[in-house]
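Heads up: the structure comes next, in structure tokens.
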Amino acid sequence: MPFGCLIFGEKKDYNSPGEVTDKYDLGQMVRSEEFCEIFRAKEKNTQKMYTCKKFLKKDGRKVRKAAKNEILILKITFASTSCLTVTSCLVLTYPHRVKHHNILQLVDVFETRKEYFLFLELATGREVFDWILDQGYYSERDTSNVIRQVLEAVAYLHSLRIVHRNLKLENLVYYNRLKHSKIVISDFHLAKLENGLIKEPCGTPEYLAPEVVGRQRYGRPVDCWAIGVVMYILLSGNPPFYDEGDDDDDDSHDKNMFRKILSGDYEFDSPYWDDISDSAKSLVASLMEVDQDQRLTAQEAISHEWISGNAASDKNIKDGVCAQIEKNFAKAKWKKAVRVTTLMKRLRAPEQSDSGASSPAIGASAGSVTPSSTPVAMDATPEPPCSTVELQEIREEAPARCNGEVPAPLQLSVEAREEQNG
């Protein structure tokens with residue numbers, strides 16, 4: 001069953017394992033990720049190399065959902081209405097493969113009874129972090145070039161109503177090792193088609209937008225917030241939201257970080273931002289606007305002078321940025337893959353005080369279900385899988401509102417939702 005023939009929810013014919021090996025030579029496993037195993041594969045007819053992502057169905061519901069979701073996002077079917085007469089319209093559907101030069105392309109899909117095989121373009125370049133560390137000279141202009149490519153890819157996705165939901169530095173890689181290689185975005189297993197606002201908290205904690213942490217409904221603006229976080233890190237070597245407390249206390253770290261995200265509590269602190277232009281700071285602030293309705297869109301950000309003009313400084317900032325990257329990211333605490341998350345499993349609605357003030361509370365028991373104040377329709381696309389973060393209850397005072405509203409309660413824990421869906 002070649003690319004384009006995979007149908008979910010209907011009786012289907014499975015590929016045999018031989019169909020995969022007849023077309024591709026699979027090499028040794030390169031690495032194992034949360035939901036899949038990664039191989040390099042060679043197409044036998046063309047000798048061209050690809051990345052193969054192998055999802056084992058026996059590994060559980062979340063793994064199966066991850067595979068299905070990535071396929072559905074990278075190969076979307078859109079509806080087109082063609083009016084034949086004044087009173088008669090014909091609704092047609094047509095496949096549209098996500099295709100952009102800054103997005104790794106899905107080229108082939110096989111489903112056997114035991115596995116999903118996804119074949120994608122092979123990116124042989126380095127992560128952005130590694131590229132910076134290897135440079136003799138690194139300036140705002142280099143960062144502007146990276147952010148421009150990410151914005152163009154995200155603007156394209158948003159034009160298709162796709163929300164990536166997990167933009168982060170680890171998902172931005174150079175396509176090859178040539179000097180002027182392009183940047184490509186990878187990993188779409190958490191992406192979602194925006195059919196109305198989304199309710200499920202999902203993503204990597206340090207890149208989460210306030211509306212996600214605040215349990216509000218959200219959409220495409222969360223990707224723009226994440227790009228702002230990426231830009232902040234690339235210009236300073238520091239994450240914008242970080243708790244300097246006990247390095248061994250993940251719960252306390254997350255609680256304090258979420259408070260800062262909710263209130264937009266970050267700084268362009270000295271000396272790390274002393275050599276950064278006001279234009280760069282302006283774009284970061286516009287992307288990391290707490291009010292999602294006021295946040296720049298990806299297309300608007302492309303038109304910003306720091307991206308499209310000559311406002312980006314060419315002063316060498318490598319030494320300061322690299323020193324902070326090595327200091328902050330050697331800890332790797334906030335970079336752990338296991339913290340890619342719905343994280344709100346135990347995040348519950350704020351308690352109301354007699355004065356009407358409220359503060360976010362974390363710590364509802366696992367498996368608890370908090371009813372929503374606003375009914376939400378089921379999404380058309382499958383719920384993507386996410387890991388969970390166990391959090392303590394926040395008892396101290398914290399910013400109570402996000403965008404001027406008390407955050408809505410979380411709907412279902414991951415386990416409860418899966419039980420409900422069978």
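Number 96 in the UniProt record's numbering belongs to position 96 of the sequence shown; there are no gaps in the numbering. For glycine and all other residues, C-beta sits at the position ideal for the given N, C-alpha and C.
Coarse secondary structure for Val329, derived from DSSP in three states: Looking at the sequence itself, residue 329 is Phe, so the reference to Val does not match. Helix.
Under 8 Å between the Cβ atoms of residue 431 and Leu74? For the chain, the structure presents residues 1 to 422; residue 431 sits outside this window and is missing.
Among residues of its own chain, excluding the 5 on either side of Glu390, which ones have a beta-carbon nearer than 6 Å to its beta-carbon? Interpretation of Glu390 is limited by its pLDDT of 31, a score under 50 that renders its predicted location unreliable; no figure is taken from the coordinates.
I'd like to check one pair, Ile261 with Leu208: are the Cβ atoms closer than 8 Å? Cβ distance < 8 Å, so Leu208 and Ile261 count as in contact.
Expected contact under 8 Å - CB spacing of Phe35 and Val63 to nearest Å: 5 Å
Looking only at C-alpha atoms, which of Gly320, Ser286 and Asn316 sits nearest to Trp306? Ser286
Cβ shell of Pro271 (< 8 Å), same chain only, five flanking positions each side left out: Gly320
So what does DSSP say about Ile362, is it helix, strand or coil? Since pLDDT at Ile362 reaches only 35, below the 50 mark, its modelled position is unreliable, and the value read off the structure follows with that caveat. Here Ile362 sits in strand by DSSP.
What is the residue span of the beta strand (DSSP E) that Met49 lies within? Met49 to Leu56
Leaving out the 5 sequence neighbours to the left and right, which residues in its chain are closer than 6 Å to Glu37 when beta-carbon positions are compared? Met29 and Lys54
Give the straight-line distance between the Cα atoms of Arg61 and Phe268, rounded to the nearest whole angstrom. 43 Å
Report yes if the C-beta distance between Ala153 and His100 is below 8 Å; otherwise report no. yes
In terms of alpha-carbon separation, which member of Asn166, Gly214, Lys23 and Val229 lies closest to Ser263? Answer by Cα proximity: Gly214.
Consult DSSP for Asp314 and reduce its assignment to one of helix, strand or coil. coil
State buried or exposed for Thr46, treating a residue as buried only when at least 16 other CB atoms are found within 10 Å of its CB. Exposed, since its Cβ has fewer than 16 Cβ neighbours within 10 Å.
By the three-class DSSP mapping on this structure, what secondary structure does Leu296 have? coil
N- and C-terminal bounds of the alpha helix (DSSP H) containing Ile233: Pro221 to Ser236
Contact the stretch 147-166 vs the stretch 220-236: 3+ CB pairs below 8 Å: Yes, they touch.
Considering only the beta carbon of each residue, do Gly219 and Asn176 sit closer than 8 Å? No, they are not a contact pair.
Tell me which residues share the same chain as Ile317 and place their Cβ nearer than 8 Å to its Cβ, disregarding the 5 neighbours each side in the sequence. Tyr138, Ser139, Glu140, Leu235, Asp275 and Ile276
Lys65 burial status per 10 Å Cβ neighbour count (16 or more: buried): buried
Buried or exposed (CB count within 10 angstroms, at least 16 for buried), Asn166: buried
Nearest candidate by alpha-carbon position, reference Val173, set Ile103, Phe258 and Gly18: Looking at Ile103, Phe258 and Gly18, the one whose alpha-carbon comes closest to that of Val173 is Ile103.
Could you have a look at Leu106 and say whether DSSP puts it in helix, strand or coil? strand
Run the CB neighbour count on Lys58, radius 10 Å, all protein chains shown included, and call it buried at 16 or more, exposed below. exposed
Measure the Cβ-Cβ separation of Gln149 and Ile183 and say whether it is below 8 Å. Contact flag set, yes.
So, are the CB atoms of Asn328 and Gly237 less than 8 Å apart? yes
For Asp278, which residues of its own chain have a beta-carbon under 7 Å away from its beta-carbon, when the five flanking residues on both sides are left out? none
Neighbour-count burial assignment, His180, 16 or more Cβ in a 10 Å radius: exposed
So, with DSSP's three-state summary, where would you put Glu211? helix
Along the chain, where does the beta strand (DSSP E) containing Arg61 start, and where does it finish? Not the beta strand (DSSP E): Arg61 falls in the alpha helix (DSSP H), residues Arg61 to Leu74.
Alpha carbon to alpha carbon, how far is Asn69 from Tyr116? Put simply, the backbone Cα of Asn69 is about 12 Å away from that of Tyr116.
With distance defined between alpha-carbon atoms, name the residue in Lys12, Asp291 and Cys52 nearest to Glu33. Looking only at Lys12, Asp291 and Cys52, the smallest Cα-Cα distance to Glu33 is reached by Cys52.
The ligand SAM heavy atom lying under 7 Å from the CB of Leu151: With respect to the ligand SAM, the structure shown offers nothing to examine, as it has no ligands at all.
What number of angstroms, rounded off, separates the C-alpha of Glu200 from the C-alpha of His158? 18 Å
Cβ-based neighbour list, Ala123, same chain, cut-off 8 Å, excluding 5 preceding and 5 following: Thr51, Leu104, Val173, Tyr174, Tyr175, Asn176, Val184 and Ser186, listed in sequence order.
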